[in-house]
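Worksheet: one structure, shown below.
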């Protein structure tokens, strides 16, 4: 009966996370619309980066580690996550998107979901073991609500902590929080983009081998992305001592890159291109361009998440692979969407569930193989470096 | 690159398991048809039980532990599973169903899948660590192919070993074997029953609370089933010293019970009633009758599996719960189908994936909640007593 007490607690965590995700999604829609209507905003990306850097330097030192701080706290509970994580990451993400950084939103949703949930542990005087569970529930609720995928969100909160193993301690609170979070975001009348995998052939040997081949490519790109982003970050730290100047420099480079190639296709969330990757053949270099823009944006210290860019990279890469593999472009786009993420976040089961929730059960079978293979080929250092190794991959 | 060597190995395990599952499914169709056309076969159930008992006493002592032997070998590899496990369990299951025992088939598929896979480890001189992985792949392939659900099968082979935790060591081989097994069974032109959840309302608070309530009932029934079957078995062992007489006695009781209530509805696999539970309202006691017939059949030593009867118990119980809960009968039938199994086998994630594969992603959301809650309320001793406890449920 102990368990039932998690119903109100996880529900509350879900309501908080879902509300924060609704606010985030509305603010990102606003930022995207403003940026598209006022292209000159891009010229302010460098100073905007400086503002984000200063914000975190003066108010956010304790929460700068972001998603990794959450994962560390779950592994080893020390102190309640400061509430300021929520406004800072929401504001930082809004600024990043308003002025044209290439970034995502799941990092933001995880941070708001977990930091808000953790505030409940103060009045309730939760023991560390229960704080951990509540934090995991907050992560699940944040992920579920920002993407509209409760099953994937529920498992993500369990799976992201360690590579190669999954513990069910927080299974029930994560499920409740994920569904409560998703319902809350929808109750705020915030809708999620729909992606349509238009044709799924019956699974056969050729389909399985193609999924394995695609999964290998997705995994290698996921590994390259995580390493490149870390390398950009390490390079910036080595050469730019004053932290707020790093996103300033990053902003200059992103702005120059946009001007050099003459398109804004690779900045922001990139939802229109993701949607297009399910509908039509796209340039085969789309994934590479998004890869570089995102590594530059996030590596230099802008805020947001990695996952929506990973969806972009994966779905356009999948689309490109349809030139080589005998599967429909929209199916490969769907497989890449989840599988590059599976490799980079080391979350194959959550990613498979996400494919099922977004694209249906038939596409989910192909996506499942691609996610597992991508996970195996993406190495042991993903986008969350606080993740521990539960079981080595090989 | 080590990993890629699992492709041929797991594929071979899948082909063997899928072929055995095809043979099993064809033989069970034959047994069911014969029994329905020749109702007098039921009068031979007791002597048939004696035959099964004698078979295992004289030829099957080394494999009598069945699915639990497989799980034990995976935890602690000692010696290759004797090949005879496969013909004995196929024959034992055929006899059980031909003469009217109430049993399933997943136990059979797991045993044929794993024991056939294990034969590969002799010529290949696999180290114990690799034998374990191959056994898990065999379990996945058997489960996937007998039910036509590759994602659920893949995860089942990982999840069934321990309660409350899941390790990814064998993730890739289990996926490959599961898909290869499923494709093989289909290549033998063996088809699976289709179940149709006819209406799924959008998830809302009432739906979530109803799913939790249903999940509690499903979990308690799952616990009661596992305990009753174990209790029947312990009782039979205490009072009937000569093992082959136990299924003989069980056969007499099942035969008398059928004659007393005047229907064959609760013997065999019971597929027609499961299908009906998705289509129309059924008597509310159906689940209880199937529960007793199955506990009596399996507890006294007939062969087969627990899972199809659990699907029957769950889907008819779900159907009955639609009198109390504000969800459609066919949706509750689908939820019960997977959730009683989730509780009894302690496999909530595989069961959720099964719901998605059989009933679609929308029903999967409800089923996911029901499976997690059922898992939490089913206690720590499920139908596989060799299962270890990775993490206590509460």
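Chains as they are written, first to last, in this note's numbering: chain F, 33 to 426; chain H, 33 to 426.
We put the beta carbon where it would ideally sit given N, CA and C, even for glycine.
Beta carbon of residue i nearer than 8 Å to that of residue j
i, j, result
"residue 425 of chain F", "residue 195 of chain F", "yes"
"residue 147 of chain H", "residue 115 of chain H", "yes"
"residue 282 of chain H", "residue 328 of chain H", "yes"
"residue 127 of chain H", "residue 83 of chain H", "yes"
"residue 404 of chain F", "residue 207 of chain H", "yes"
"residue 428 of chain H", "residue 373 of chain H", "What is shown of chain H runs 33 to 426, which leaves residue 428 of chain H out entirely."
"residue 330 of chain F", "residue 135 of chain F", "yes"
"residue 180 of chain F", "residue 214 of chain F", "yes"
"residue 165 of chain H", "residue 109 of chain H", "no"
"residue 284 of chain F", "residue 78 of chain F", "yes"
"residue 376 of chain F", "residue 254 of chain F", "yes"
"residue 258 of chain F", "residue 413 of chain F", "yes"
"residue 145 of chain F", "residue 171 of chain F", "yes"
Closer than 7 Å: residue i CB and nearest the ligand FMN heavy atom
i, result
"residue 411 of chain H", "Among the components modelled here there is no ligand, and therefore nothing to report on the ligand FMN."
Range covered by the alpha helix (DSSP H) that runs through residue i
i, result
"residue 94 of chain F", "Careful: residue 94 of chain F lies outside any alpha helix (DSSP H) and carries neither H nor E."
"residue 242 of chain H", "237–271"
"residue 177 of chain H", "160–179"
"residue 362 of chain H", "361–377"
"residue 406 of chain F", "393–408"
"residue 356 of chain F", "Per DSSP, residue 356 of chain F belongs to no alpha helix (DSSP H) and is neither H nor E."
"residue 53 of chain F", "38–69"
"residue 309 of chain F", "303–309"
"residue 228 of chain H", "Counting along the chain, residue 228 of chain H falls outside any alpha helix (DSSP H), and DSSP gives it neither H nor E."
"residue 121 of chain F", "117–130"
"residue 191 of chain F", "182–191"
"residue 334 of chain H", "Unbroken run through residue 334 of chain H: none, as it is neither H nor E."
"residue 216 of chain F", "203–219"
"residue 283 of chain F", "277–293"
"residue 418 of chain F", "Where residue 418 of chain F is concerned, there is no enclosing alpha helix (DSSP H), given that its DSSP letter is neither H nor E."
Environment of residue i [buried if 16+ CB atoms lie within 10 Å]
i, result
"residue 236 of chain H", "exposed"
"residue 295 of chain F", "exposed"
"residue 421 of chain H", "exposed"
"residue 230 of chain F", "exposed"
"residue 129 of chain F", "buried"
"residue 234 of chain H", "exposed"
"residue 297 of chain H", "buried"
"residue 143 of chain H", "buried"
"residue 264 of chain F", "buried"
C-beta neighbour in chain H for residue i, strict 8 Å
i, result
"residue 300 of chain F", "no"
"residue 320 of chain F", "no"
"residue 34 of chain F", "yes"
"residue 240 of chain F", "yes"
"residue 211 of chain F", "yes"
"residue 222 of chain F", "no"
"residue 401 of chain F", "yes"
"residue 384 of chain F", "yes"
"residue 104 of chain F", "no"
"residue 150 of chain F", "no"
"residue 373 of chain F", "no"
"residue 158 of chain F", "no"
"residue 84 of chain F", "no"
"residue 215 of chain F", "yes"
Beta-carbon neighbours of residue i, restricted to chain H and to distances below 9 Å
i, result
"residue 189 of chain F", "Chain H residues near residue 189 of chain F: none, gap ~13 Å exceeds 9 Å."
Listed by chain order, chain H residues near residue i by CB distance under 8 Å
i, result
"residue 380 of chain F", "200, 203"
"residue 363 of chain F", "Chain H residues near residue 363 of chain F: none, gap ~16 Å exceeds 8 Å."
Closer than 8 Å at the beta carbon, the chain F residues around residue i
i, result
"residue 338 of chain H", "Chain F residues near residue 338 of chain H: none, gap ~21 Å exceeds 8 Å."
"residue 423 of chain H", "199, 200, 201"
"residue 426 of chain H", "34, 35"
Under 7 Å from the C-beta of residue i: neighbouring residues of chain H
i, result
"residue 132 of chain F", "Those do not exist, as residue 132 of chain F stays about 35 Å from chain H at its closest Cβ, beyond 7 Å."
"residue 408 of chain F", "35, 204"
"residue 389 of chain F", "393"
"residue 182 of chain F", "397"
Cross-chain neighbours of residue i in chain F, by beta carbon under 9 Å
i, result
"residue 109 of chain H", "Within chain F, no residue comes near residue 109 of chain H; the closest Cβ sits about 17 Å away, beyond 9 Å."
"residue 232 of chain H", "In chain order: nothing, as chain F lies at least about 13 Å away."
"residue 196 of chain H", "199, 200, 201, 203"
Short CB-CB distance (under 8 Å) between residue i and chain F
i, result
"residue 286 of chain H", "no"
"residue 154 of chain H", "no"
"residue 81 of chain H", "no"
"residue 229 of chain H", "no"
Residue i - containing beta strand (DSSP E), residue span
i, result
"residue 199 of chain H", "197–199"
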